[in-house]
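Presented below is the structure to which this report refers.
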Amino acid sequence: MALKGAEACCDNARQLLIDLQRNPDFIPPYNDERMRKCVETINDLYRRNAETFQMIQSDSCPNPDETAAILQVQNEILKRIKQCVLVYHRDRLERLRKLRWTIGGVLPVEIKANLSEAELDWFNEYNRNLAEYQNQMNVDLMRGMEPPKALLRQVRVLEDYGEFETADGKAMILKKGSIHYLPITEIEVLIQQHILEEVA
């Protein structure tokens, strides 16, 4: 394979990326057929490169400069296809990682159907690692994903109250005139007792 057909060799790899571009908001079905063709082309190019290199090394090469140029072109095509394949996989995994943080650890059936076996394995391993980390650190990383103002209210202390402890164990001194961001569910009673007031 010389320069002729070089573009055709990259078509499948390029099409993988075009499929992702056309579907920016979800993970399209994993394209086994195109990926298989890309892998076949990569393997074929490795074989051809080895043969071409051996030909250059032997004394029987009729035109070493032209053969070296062919080797270089084949190598560039090989690198280009590999780059496209890697970008395809990285982009899909990044979309999958983002889904984990937005919808949690259980994928809807329609998303699962679009994933390869390796992607499902990766997702499950990511879930396990995340759960293990959260258990070791005793933290729920999915909690509090909303901006604090959605969960907390800014309040002013109207009279000295003393120490106040939230449900998650944070303690603070509620001193007259001080301002705090506190969970609305935990301060409703103090607002009703006129110890706290919401700051507009």
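With UniProt numbering, letter number 4 in the sequence shown gets 4, and the count goes up by one each step, no holes. By construction, the Cβ of each residue, glycine as well, lies at the ideal position given by its N, Cα and C atoms. Given the structure is predicted, the values throughout are model-derived calculations rather than measurements.
Per DSSP, the continuous alpha helix (DSSP H) segment holding Q74 begins and ends at 64-103.
Spanning the alpha carbons of V87 and N43 requires a straight line of approximately 19 Å.
A check of alpha carbon separations from E186 across Q193, T166, M172 identifies T166 as the nearest.
H180 counts as buried, since no fewer than 16 other beta carbons sit within 10 angstroms of its beta carbon.
Residue environment for I77: buried (at least 16 other C-beta atoms within 10 angstroms of its C-beta).
Of all C-beta pairs linking the segment 23-34 to the segment 114-124, three or more are shorter than 8 Å, placing the two stretches in contact.
If you ignore the 5 residues before and after I56, its C-beta comes within less than 8 Å of the C-beta of P64, T67, A68, L71, all in its own chain and listed in chain order. For E165, the enclosing beta strand (DSSP E) stretches over residues 162-165. DSSP places Y181 in the strand class (E or B) of the three-state scheme.
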